[in-house]
Structure formats: C-alpha cells, structure tokens
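Note that our numbering has the sequence shown beginning at 283, numbered continuously upward. Here a beta-carbon is modelled for each residue, glycine too, at the ideal position from N, C-alpha and C.
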Amino acid sequence: MPVVTAPSASAGQRHDWSVADSAELYGLNRWGDPYFAVNARGHVCVQPQGERGGSLDLVDLVQGLEGRNLGLPLLIRFDDILEDRLERLHAAFERAIAQYGYAGRYQGVFPVKCNQQRHVVEELVACGKRWHFGLEAGSKAELLIALSLIDDPEALLICNGYKDQRYIETAILARRLGRQPVVVIEQADEVERIIAASRELGAAPFIGIRAKLSSRSTGRWGSSVGEKAKFGLSIPDVLATVEALRAAGLLDDLRLLHFHVGSQINDIAVLKDALQEAGQIYVELTKLGAPMGFLDVGGGLGIDYDGSRTASAASTNYSLQNYANDVVATVRECCEPHGVPVPTLVSESGRALASHFSVLVFNVLGSGSVLGGGCAAGGGAAGGAADEPLIVRNLRETLGAITALGAGDPDSLARLQEAWNDAIKFKDDALAAFRLGYLNLPQRAAAEQLTWACAEAIVARLPQDGSPQNGPVPDELKALQAALAGTYYANLSVFRSAPDTWAIEQLFPVMPIHRLNERPTQLGHFADLTCDSDGKLARFVGNGQVKPLLELHALRPGEPYLIGLFLGGAYQEVMGNLHNLFGSTNAVHIRLTSGGGYRLDHVVRGNTNAEVLEAMEHDPELLLERLRLASEAAIGRGDLRISDARRLMDHLETSLRQTTYLQN
Ligand SMILES: *Cc1c(COP(=O)(O)O)cnc(C)c1O
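So, in structure tokens, the structure goes:
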C-alpha cells in the first residue's frame, strides 16, 4: 500500500486551500456525484434529488438534529435519494429498451436482505408503485415482510432462499390474496415439495428456476456462480426439474429464469458472459414448452465506492446505463434468432439502490499520536538538564542537527537519513540502558520524546512529491509519516455501524464534513469505542488506490470534529453486531421540502443500554437491584455516603435509558 504524502507542515494557513482542493482530496466529485458536494462554507452538502433539487448543509442538519436531542453517532437516511436511485434505475432501463427497440419491459424487485428496516422497505414500496416495483425475499421472515407490504397485483414477489413446505404453501396461498409470488427453485429437491404442496392445496404458485451458470466470475462474491455455487440448479438438474413439472402438470406455471452472479460485479465482461449463457438457457426452456415470460438477472449491479471507474474491488468499470444496455441488448440478441418473444426483464438490485441514501455521522472524542503531549518534557533541542545522561544528550544533539538543516541543502536527504540512523541507534541504547537500570523513567520518557521529535523534524524537511531538486525519498523516511500519524478516537463501533470494513475489508468513503476550507495538516486513522484492536477504520479512498491514512484536521479544544461515512446504506445495518454491547445508533429519515428546508419523517431511537443488556438475557432491573443492595451494605459499613449512593444509582438508572454511545 502506498503511503500518502503528508501535507506540507509549513502550510497551515487557510488562504492556500480551497473547498475544491478538499473535494479533490477526498474524491467527493468522483464517488459523491450527484448527491454529495462541498459548499462555500466548507461543509459537506447533500442534494438528495441530485441535480434537480435543493441542497442541505449536512452540518446544519446535524446541529438541528442534536437540538432535538438526537445525539451522535447518527444515521441519516435521505429518502429522496432512495427515490432518486429508483428513478435512475428505471430510467436507465427505459432508455436501453427504447434504444435497442426491445419489445418487452423492465420490472424490478428490491432484495429485502439488503436493508430490512421497516421505513426503508415501506419507502421503496411506496415510491416504486408507479413501476409496479416488487420485493425479493430470502427467508420466511422476509417473505412475511414482502407479502404484507406489497398490495399491487402486478408487482413481483420473488421467493428465493431455502424453502420448506410451509414457505411454499404460504406462497401458493398468497396468490389468492392477489399477490404475485414466484417460487424460485434453488435446490433440486424443492421441486418435489412444490409438487406436493400444489397437490395438497389444489393450486400452484408461479414457478421460477435458478440456474447455476458456468460463466467465470471475479471479485469477493465470485463463488456465487460455477459448479460449486451454493444455490442454483446445474443444467442436468434444470432438465430433470422441467420433466418433473411436466409430469405433474405444472409446466404451465414455469414463468421465470433466475441467475445471480454475486454482489458488486466489478467487471462488466463477467455480466455479459453470464447474460449470454442465461439468455440461451431461457430460449431452451421456452423450446421445452414452458411459457416463461420473465428473465431475472439477480443482483450484482455495483457501486463505485472509490470513484475510480475501474474493475477494482471497490469500483465498477461500467455505469448504470452500461449495465441496463448490456442486459437489454444481450437478451434481445439471444431471443431474436430463435423467434422467441423477449421476456420481461427483472433485476434484484439491492446495493445499487440502497447504498447512497444513508450517511453515518460520528464525532471524534480526541486524538493521540506517538508525539504525545509534544516535546515539553523532552525540552526540545536546546533544553536538557546539566546532569542529563549522555544517551539522552546524544538524541538532543541529533535533533539540533536536524533542525539546523536548511531546506535548500543539496545533500539534505542524505543528511536526514544519517540523522535518523543516529536517532534510532541512540533510542535503542536508551532502551537497553533503562532495562539495565541506568536510566530512570523520566529519562526514558525524554529519550522517547526526543526520538519522535527527530522523526517529526525530518518529516517536516522532506521534499514534497514532485519537487525537482531532490532524488527519491528513501522508503524508511517515507514510512516515518505513517509512524507519526495520529489516532482519532471515534464515537462509534465499526462492528455495529460498518461491519463490512472489518469482515471483508469493504471500502467506504470517509471524510470530515466540515472545515473543508482549511488545509488538513494531520494524517490519521480512526479507532472506535470497542476494546478490540480490529475496531478501526484504516482503509481510505485514495485516487484509485486504498490508502491507510486519511488527511485530517488538528482538533480544536471545545470544538466538535464531525466525520461522515458514506455509501453504507446496504447490508451494514443488519450485519452489525453488539460487540462490547454497543447498540444501534439513532437513525432519522429526512425529506426535502419545497421551501428548501427539510422534514423529519421518522425517528428511530438507537438501542438503550437496557435493550442491549436484555438482548444478552440480562435483566436490567435485577442488575440494578443487586447494586442497590451492595450500596446499602456499603452505607452500613460506613464506606459510602448516602448522597454518593444516590449519585451512583442515578448514573446507573440514567445510563440504562440512554444509548450506548458516549455523550458530549
Ligand atoms: C444478495 C442478493 C441480491 C442482491 O445483490 P446486490 O448485489 O446487492 O444487488 C440479489 N439476488 C440474490 C439472489 C441475492 O442473494
């Protein structure tokens, strides 16, 4: 991983840095378009309707919400963005259908597993009505959500996942409610259960078949296709299923072919191969006598998290329009030569619909670095007591030599390297002397502080990238920048709010949401509240690369420092866990109003401490009662004053009612 160049240490002034520089630095124009930008005040602003609507200042919004007692960390859901994504998806397919003269339609579904939150699914169903947008369920609980929320007889309800008899019978009976469930056969043995249930009930569901494609795939979810894939029927199984349905008189209900090549397809070539293969299977199924009518291309439509427009893991080498064009054109090419009518195209695009609409905002509680409280105790190059041990004095003189180096010195790089070699040697000597009892604790502290002061002075004197007068900077010196980088303590649990950053090294754009008119002078990463060294954010969007450190601002005493994590609307909430008993954050739903303001549609309070304790089967009242008894005993022994006992119980009772995060 390349180490980023630290911003020049001498440049802290505001006038040499513009909001455009920040937009470029954090890649906002690449991954944020058209929803996120920087305004003239140096704040991130949100255009929830893209280019077509108004803009909200994210910092003002957070302040307004904090004023309503909705503390950070805060998940802000922009329902306008969700609607806009739906519109864009449908517009892309409509354009492609017109361009290729496709004689069929597009009719999408939302895979509920991507974000099952009630207000999210309800919003999608309500906004999607005009296109008969449906839902995809992968379990009985998701099926229940889908069945009860969709009341449009034309909307599809795709039933995926493992299915038992009850799941199948539920789907069959739901047809009588005027719903349109399609039971997709994912495992070879499901056909027998469908046949049995249909006989039992005297009615059949719409039936789909999920094919296991042999096309290659790539990326994190590449194993979703191929002979070893968890789901789907092999071609021999497809044939056997068709014959079983025919024998049971159910072939007329076989309407849909489904495939899914895995989430976040990075390379459009993978999709094209899969589409060709699936298109041919579709044609063959119609030749076998199935009425068909629907081709479901699954999920996989990717998100350009790093804004690089490449086939890298955090990006895609295609646009939404390219995707729609390829689906439409390829399916047409498969059907036409055989005189097979083109199917209604279905996609189960989850990530592509739900990623943009939610923004997680958290505050920084403090920062720390190896420099600690600066060099006060070290005393700088000139300090030091008369009786200072030689080892410490050597380090002090090395620091003096570095600070005396002029920037224009032609040998400066060689001399900086030499000075760093000396500093490392003296530091090792100091550690050895401490172990042997020749240095006391304050002297060892001075040695460490002086070593890091040397490193800081060296970094400040390194040439900037692209400056002409110097040769390449030695790797060892470049690495010093990373070693000096700060840790910013975030009021957040990554296990709860961005679990994929930890579980599968997913990259999300992370950046300060204010002070963007100031040059960031620090490099740092984030450590979260959990007592787990994996609880950190240390992979950031670079210019087409992943960088381990992010450019950040020095904290100002008494002033909040607010960070946004973007594009996390898909999968993160449900995958999040209660590690260290940090629960869900407060969440709100925001809609733009015509006056240029916003409306707070829903408030979903974060888990309280009592709730997360109950989730682990603890009884908060019982825990309190035990502590009450313990304080009575302590009062009796004379170890605790009554007023302090009351204060203690107050804190405990109040904490139980509050969210699990730290308060300002
Ligand atoms: C997970 C899943 C999806 C959603 O995939 P995205 O990449 O988020 O669009 C769609 N269909 C099936 C069968 C899935 O398992």
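First through last residue of the alpha helix (DSSP H) which encompasses G918: As a working note, residue 918 is residue 636 in the sequence shown. G918: member of the alpha helix (DSSP H) spanning 902-919, first to last residue.
Determine, using beta carbons only, whether F644 and L789 come nearer to each other than 8 Å. Residue 644 sits at position 362 when you count from the first residue of the sequence shown. Residue 789 sits at position 507 when you count from the first residue of the sequence shown. With a cutoff of 8 Å on beta-carbon distance, F644 and L789 are scored as not near each other.
Any heavy atom of ligand 1 inside 7 Å of the beta-carbon of P393? Counting from one through the sequence shown, the residue named residue 393 turns up at place 111. True, at least one ligand heavy atom lies under 7 Å from that Cβ.
Taking 8 Å as the threshold (C-beta atoms), are A634 and L583 in contact? Counting from 1 along the sequence shown, the entry for residue 583 is found at position 301. Counting from 1 along the sequence shown, the entry for residue 634 is found at position 352. Cβ distance < 8 Å, so L583 and A634 count as in contact.
Which two residues bound the contiguous alpha helix (DSSP H) that contains G968? In the structure as shown, the chain begins at 283 and stops at 946. Residue 968 is therefore absent and cannot be evaluated.
Could you check whether the Cβ of Q546 sits closer than 7 Å to any heavy atom belonging to ligand 1? Residue mapping note: residue 546 aligns to position 264 of the sequence shown, counting from 1. Under cutoff, so the answer is yes.
Between which residues of its own chain and G460 is the CB-CB distance below 7 Å, once the five residues before and five after are set aside? Here residue 460 is taken as the residue at index 178 of the sequence shown, counted from 1. Taken in chain order, the residues that qualify are P435.
Just to confirm before moving on: does the CB-CB distance between R359 and H796 stay below 8 Å? Here residue 359 refers to the residue found at position 77 of the sequence shown. Here residue 796 refers to the residue found at position 514 of the sequence shown. For the 8 Å CB-CB criterion, R359 and H796 do not form a contact.
How about A511 and V473: are their beta carbons less than 8 Å apart? Within the sequence shown, residue 511 is the residue found at index 229, counting from 1. Within the sequence shown, residue 473 is the residue found at index 191, counting from 1. Going by C-beta atoms, A511 is not nearer than 8 Å to V473.
Looking only at its own chain, which residues have a Cβ that is under 8 Å from the Cβ of A659, when we skip the five neighbours before and after it? The residue given as residue 659 occupies position 377 in the sequence shown. Annotation note: pLDDT 46 at A659 (below 50); position unreliable, no value reported.
Own chain partners of M283 with C-beta closer than 8 Å, once the 5 adjacent residues on each side are dropped: What you label residue 283 is simply residue 1 of the sequence shown in a count that begins at 1. The pLDDT assigned to M283 is 32, lower than 50, so where the model puts this residue is not dependable; a value taken from the coordinates is nonetheless given after this. Only Q827, V828, K829, P830 meet the Cβ criterion.
Using CA coordinates, which residue listed in E700, M793, T769 is at the minimum distance from P756? The residue labelled residue 756 in the question sits at position 474 within the sequence shown. Just measuring C-alpha positions, the residue of E700, M793, T769 sitting nearest P756 is E700.
Give the DSSP-derived three-state secondary structure of R416 in the structure shown. Position 134 of the sequence shown, counting from 1, holds the residue named residue 416. Looking at the sequence shown, residue 416 is not Arg but Gly. Note: G416 maps to strand in three-state DSSP.
Just to confirm before moving on: does the CB-CB distance between Y449 and L425 stay below 8 Å? Indexing the sequence shown from 1 puts residue 449 at position 167. Indexing the sequence shown from 1 puts residue 425 at position 143. In contact: Y449 and L425 (Cβ atoms closer than 8 Å).
Sequence-distant residues of the same chain with beta carbon closer than 7 Å to R591, five excluded per side: Residue mapping note: residue 591 aligns to position 309 of the sequence shown, counting from 1. Correct list, in chain order: S597, N599.
K445 burial status per 10 Å Cβ neighbour count (16 or more: buried): Counted from its first residue, the sequence shown places residue 445 at position 163. By the neighbour-count rule (16 or more Cβ atoms within 10 Å), K445 is buried.
Of the residues Q447, T867, Q331, D691, the one placed nearest S421, counting alpha carbons only: Taking the sequence shown and counting its residues from 1, one reaches residue 421 at position 139. Q447 is the residue among Q447, T867, Q331, D691 whose C-alpha sits nearest the C-alpha of S421.
Can you give me the Cβ contacts of A764 inside the same chain, cut-off strictly under 8 Å, excluding the 5 residues immediately before and after it? For this step, residue 764 is matched to residue 482 along the sequence shown. Once the five neighbours on either side are set aside, the close Cβ partners of A764 are V285, L805, P830, L831.
With respect to 7 Å, is the separation between the Cβ of S631 and the closest non-hydrogen atom of ligand 1 below this value? Taking the first residue of the sequence shown as position 1, residue 631 is located at position 349. Yes - ligand 1 has a heavy atom lying nearer than 7 Å to the Cβ of S631.
Determine whether the beta carbon atoms of M574 and L521 lie at a separation below 8 Å. Within the sequence shown, the letter at position 292 stands for residue 574. Within the sequence shown, the letter at position 239 stands for residue 521. Not in contact: M574 and L521 (Cβ atoms no closer than 8 Å).
So for R881, helix, strand or coil by DSSP? Start at 1 with the first residue of the sequence shown, and residue 881 comes out as number 599. DSSP places R881 in strand when its eight states are reduced to three.
Is any non-hydrogen atom of ligand 1 found closer than 7 Å to the C-beta of L583, if you look at the structure I gave you? The count along the sequence shown starts at 1 and reaches residue 583 at position 301. At least one heavy atom of ligand 1 sits closer than 7 Å to the Cβ of L583.
Environment of G314 [buried if 16+ CB atoms lie within 10 Å]: For the purposes of this step, residue 314 is taken as the residue at position 32 of the sequence shown. Classification of G314: buried, given that the 10 Å Cβ count is 16 or more.
Which residues does DSSP pair with P745 in a beta bridge? Position 463 of the sequence shown holds residue 745. P745 pairs with nothing; no bridge assigned.
Grouping DSSP H, G and I as helix and E and B as strand, with all else coil, what is A764? Numbered from 1 along the sequence shown, position 482 holds the residue referred to as residue 764. If DSSP states are grouped into helix, strand and coil, A764 belongs with the helices.
Test item: CB-CB of V613 and V628 under 8 Å: Taking the sequence shown and counting its residues from 1, the one referred to as residue 613 is at position 331. Taking the sequence shown and counting its residues from 1, the one referred to as residue 628 is at position 346. Result no, Cβ atoms of V613 and V628 do not sit closer than 8 Å.
With respect to 7 Å, is the separation between the Cβ of A737 and the closest non-hydrogen atom of ligand 1 below this value? Residue 737 sits at position 455 when you count from the first residue of the sequence shown. At a cut-off of 7 Å, the beta-carbon of A737 does not count as near ligand 1: no heavy atom of the ligand is closer than that.
Looking at the secondary structure, which residues open and close the alpha helix (DSSP H) in which E833 lies? The residue you call residue 833 lines up with position 551 of the sequence shown. Not the alpha helix (DSSP H): E833 falls in the beta strand (DSSP E), residues 832-834.
Do you know whose CA, among Y388, L811, G920, lies nearest E267's CA? No statement about residue 267 is possible, as the shown extent of the chain runs from 283 to 946 and does not include it.
Quick one: is C657 buried, meaning 16 or more other Cβ sit within 10 Å of its Cβ, or exposed? As a working note, residue 657 is residue 375 in the sequence shown. Residue confidence for C657 is low, a pLDDT of 45 falling below 50, so the modelled location carries little weight and cannot support an answer.
Between the alpha carbons of G353 and N868, how many angstroms are there, rounded? Against the sequence shown, residue 353 aligns to sequence position 71. Against the sequence shown, residue 868 aligns to sequence position 586. Their backbone Cα atoms lie some 7 Å apart in a straight line.
In this structure, how does DSSP classify H807 when only helix, strand and coil are distinguished? Walking along the sequence shown from the start, residue 807 turns up at place 525. It is a strand residue.
Rounded straight-line distance, which links the Cα of L930 to that of L922: Here residue 922 refers to the residue found at position 640 when the sequence shown is read from its first residue. Here residue 930 refers to the residue found at position 648 when the sequence shown is read from its first residue. If you draw a straight line from the Cα of L922 to the Cα of L930, it comes to about 10 Å.
With H, G and I counted as helix, E and B as strand and the rest as coil, what does DSSP make of H401? The count along the sequence shown starts at 1 and reaches residue 401 at position 119. In this structure, H401 counts as helix in the three-state DSSP scheme.
Which whole-angstrom value describes the C-beta separation of V407 and I432, a residue pair presumed to lie in contact below a C-beta threshold of 8 Å? Here residue 407 corresponds to residue number 125 of the sequence shown, with the count starting at 1. Here residue 432 corresponds to residue number 150 of the sequence shown, with the count starting at 1. Right, their Cβ atoms sit about 6 Å apart.
Inter-residue Cα distance where the pair is G632 and Q398: If you number the sequence shown from 1, residue 632 lands on position 350. If you number the sequence shown from 1, residue 398 lands on position 116. Going by the C-alpha atoms only, they are around 11 Å apart.
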